[in-house]
Amino acid sequence: MRTLCYILLLAVVLLAACDENQQKSAAVLEAEAHLENQGYTSISVIEEKSLLLTKQDLKDPSYAPIWQVQPLDSNQYIDKELTSVELIVQNHPLERLYNSKKTRTIVYLHQNKVVGGWSFPVTSSEALVGNVYSLDGKTAEEVKQEELSPK
């Protein structure tokens, strides 16, 4: 009888784990796969939301640091719907730089394809203060330098 209870409990746990993956959207699955391909381990999904990028967003000084670390021409996504997926990851380069154990990432997708994003270290429970980095942990200057260097 006890063995049967353990088997039933195991089946319920496995079904719950499978159901969790099925509830993730295509955007979340694509964002996780992209980050895992870069060598990061996805710990948790914080939020998924839709946003419409406007010219005003690109001119807004509070958002300028975010758009400066993008590996894309932000102008090509003006008035297009983007999906923003926020995740906590581990094994990110910022962990060594800031001696942290986790990194918060925001992945931008257009039609479920990753087009950019940004990251910052999780050093405390307080609000983000300081620089943001590209998804791979580069500063705006490093991203700009990569754009200028010959391929």
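Per this note's numbering, the very first residue in the sequence shown carries number -7; after that it's consecutive. All C-beta atoms in this analysis are idealised placements derived from N, C-alpha and C, irrespective of residue type, glycine included. Every value quoted in this text rests on a predicted model; they were computed, and no experiment measured them.
- For Gln60 and Arg96, the gap between their C-alpha atoms comes out near 18 Å.
- For Lys41, the enclosing beta strand (DSSP E) starts and ends at 33 to 44.
- Taking 8 Å as the cut-off, the beta carbon of Trp110 is found no closer than this to the beta carbon of Leu86.
- For Ser111, the secondary structure class from DSSP, reduced to helix, strand or coil, is strand.
- With a cutoff of 8 Å on beta-carbon distance, Val99 and Val124 are scored as not near each other.
- Excluding the 5 residues flanking it on each side, Glu24 has same chain C-beta neighbours closer than 6 Å at Ser34, in chain order.
- Fully enclosed beta strand (DSSP E) runs of no fewer than 3 residues occupy 33 to 44, 73 to 82, 94 to 102 of the region 21 to 102, in order along the chain.
- In the three-state reduction of the DSSP assignment, Lys136 falls in the helix class, which pools H, G and I.
- Rounded to the nearest whole angstrom, the CA to CA distance from Asp71 to Leu21 is 24 Å.
- A straight-line Cα-Cα distance of about 10 Å links Thr131 and Gln62.
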